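Chains as they are written, first to last, in the numbering used here: chain A, 24 to 302; chain B, 40 to 331. For every residue, glycine included, the Cβ atom is placed at its ideal position computed from N, Cα and C. Computed from a predicted structure; not experimentally measured. Read the structure below first, then the notes.
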């Protein structure tokens, strides 16, 4: 891949420096002696363009909070998030909107991430309206292309979200994200709710998107098998802190921290390959 | 049997015959039927007959049921049947328009309160204030200050029913805006109007529609109450409420003056309540999939 060589010169697409997110307890809880909860504690990492950055860790380790903070869904107590070299907290108005458009989120549960009252056609057309209003006249073509990109047949256009399977719904979510022509996809446990064959399809789709379009992917998962399959680099999080952060092959070949070793031994021994052969 | 059920649940076999539908939503079917019958009677019959509901005939006062006056006549010799239809028209129009006004206003106020934090406190305290006054009392007070006119009855009742609707809408908005799909769409920075009209309103609409039918039923009763107390539709125009008032002293001597408008009122209100119940069952998220 050509991106490999380019990455050495280019600044990272996204870089976090000592980012912390605190959850302060309510007034009553404070009186009862509860203290500040550091959900994310001084987290730093760089995500390079065109690569997949995996964040692994158990539930409650702060993975989701970290990416939600990147998108502004949680407020950052200290530290900086730089997107394309610019501090996100200084972005306002139109430039904030552009950054939001270029980083799209894929949620864990696709059935709740799609408005149940709109048909797939209208869900997609609305994104065209929001992000590419100049091309709204060509929305039919754009919408059809978006479905082609994620491998869904056009017959699904007139369906409601609940008439699709989980894997199909997640592909609709990805199609929605692709309409705004993002540079990065942030996937928060994007395949955890899917059965194994849908998982494989969605993961392969994400890999193809990265390879064909140079999309940067931030992939959160608690499943070490999934992380290994999709990630170029991996950060292991525990209790809000990154305990180990290295290229994926190295982490799996030679885990350094005890916590990573524990996670690796916790992987079920059932053989799992994410080609279609097994399934 | 089991095979039959599987086919019913699948989305591809969505067509249901009318008989099937009535069987599954008996209360909706009966309720709609009653309301439609009453509405057609009140709006079509007066057009066909030329009888003047306000024509006084001193020679035929308080006459019982007869071929010329199937519902008898009242103390001024007016034909109760034609007053029944005209009164029903007014009652239904007043009920429907005030329910529509309350729903529209309640939607706007509820969405603003549910969505804009600083407005929430202001709007909800006003709603609390209005709710603290008993509805009928508030209605009478408003009528006293606005003056006796049919239009003012609608305004007064819209004011009375708006706070309840606004509170309901607000609570739905607050729960819907926490949904992931709203979070997802907010990340796209859409404009407020699109966010509300495409993503919030469609998801609260079923609750609102169901509530609106109940508000309609309540408004019909409230109109009758106000008119019965003399604070509603001003005489000589008929409404079911002021016909009841006319007949209240004659209940033992000329029962027909009060009983027929009462029957009309009961039929319309039961119909609306049944329709509301049926709608709620049909639109309930848990049963939606099966019925669609």
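- Pairing residue 66 (chain A) with residue 259 (chain A) gives a Cβ-Cβ distance that is not under 8 Å.
- With fewer than 16 other Cβ atoms inside 10 Å of its own Cβ, residue 98 (chain B) counts as exposed.
- For residue 188 (chain A), not one C-beta of chain B is nearer than 8 Å to its own C-beta.
- For residue 117 (chain A), there are no CB contacts under 7 Å within the same chain when 5 residues up- and downstream are skipped.
- Closer than 8 Å to the CB of residue 141 (chain A) there is at least one CB belonging to chain B.
- For residue 43 (chain A), there is no enclosing alpha helix (DSSP H); the enclosing beta strand (DSSP E) has its first and last residue at 37-46.
- Chain A places no beta carbon closer than 8 Å to that of residue 114 (chain B), leaving this residue out of the contacts.
- Judged by DSSP in its simplified three-state form, residue 267 (chain A) adopts strand.
- If you ignore the 5 residues before and after residue 322 (chain B), its C-beta comes within less than 6 Å of the C-beta of 245, all in its own chain and listed in chain order.
- Taking 8 Å as the CB threshold, residue 154 (chain A) lines the interface with chain B.
- Residue burial annotation: residue 190 (chain B) is exposed, with fewer than 16 other C-beta atoms found within 10 angstroms of its C-beta.
- As computed with DSSP, residue 127 (chain A) is found in a beta bridge with A:208.
- Contact annotation: in the region 83-99 of chain A, residues whose CB is within less than 9 Å of a CB in chain B are 94, 95 and 96.
- Our two residues, residue 41 (chain A) and residue 167 (chain B), have alpha carbons roughly 47 Å apart in a direct line.
- Within its own chain, the residues whose Cβ lies closer than 8 Å to the Cβ of residue 99 (chain A), once the five positions on either side in sequence are excluded, are 42, 43, 44, 92 and 112, listed in chain order.
- Within the same chain, and ignoring the five residues on either side of residue 193 (chain B) in sequence, the residues whose Cβ sits closer than 6 Å to its Cβ are 133, 136 and 137.
- Secondary structure note for residue 258 (chain A): its beta strand (DSSP E) is the uninterrupted segment 256-261.
- By the CB criterion at 8 Å, residue 243 (chain B) and residue 198 (chain B) fall outside the cutoff.
- The beta carbons of residue 94 (chain A) and residue 128 (chain A) sit about 6 Å from each other, so the pair counts as a contact at 8 Å.
- In the three-state DSSP reduction, residue 142 (chain A) falls in the coil class, being neither helix nor strand.
- Uninterrupted beta strand (DSSP E) stretches at least 3 residues long and entirely within the region 64-116 of chain A occur at 75-79 and 101-106, given in chain order.
- Taking a contact to require three or more Cβ pairs closer than 8 Å, the region 289-301 of chain B and the region 223-231 of chain B do not qualify as touching.
- Ranked by Cα distance from residue 217 (chain A), the first of A:244, A:189 and A:228 is A:189.
- Closest in alpha carbon position to residue 125 (chain B), among B:75, B:275, B:251 and B:234, is B:275.
- Only residues of its own chain outside the window of five on either side were considered, and among them 133, 134, 137 and 184 have a CB closer than 7 Å to the CB of residue 192 (chain A), listed in chain order.
- Excluding residues up to 5 positions away in sequence, 208 lie with their Cβ nearer than 6 Å to the Cβ of residue 146 (chain B) in the same chain.
- In the three-state reduction of the DSSP assignment, residue 110 (chain B) falls in the coil class, being assigned neither a helical nor a strand state.
- Counting C-beta pairs closer than 8 Å gives three or more between the region 310-318 of chain B and the region 69-79 of chain B, which meets the contact rule.
- The Cβ neighbour count for residue 82 (chain A), taken over all protein chains shown within 10 Å, is under 16; the residue is labelled exposed.
- Under the three-state reduction of DSSP, residue 165 (chain A) is assigned to helix.
- DSSP, read as helix, strand or coil, puts residue 235 (chain A) in helix.
- For residue 279 (chain B), the uninterrupted alpha helix (DSSP H) segment begins and ends at 279-286.
- Counting along the chain, no alpha helix (DSSP H) covers residue 105 (chain B), and no H or E run does either.
- Interface annotation, residue 228 (chain B): in contact with chain A, CB-CB separation under 8 Å.
- Beta-bridge partners of residue 118 (chain B) (DSSP): B:112.
- Taking 8 Å as the upper bound for CB-CB distance, residue 80 (chain B) and residue 118 (chain B) are not in contact here, some 15 Å apart.
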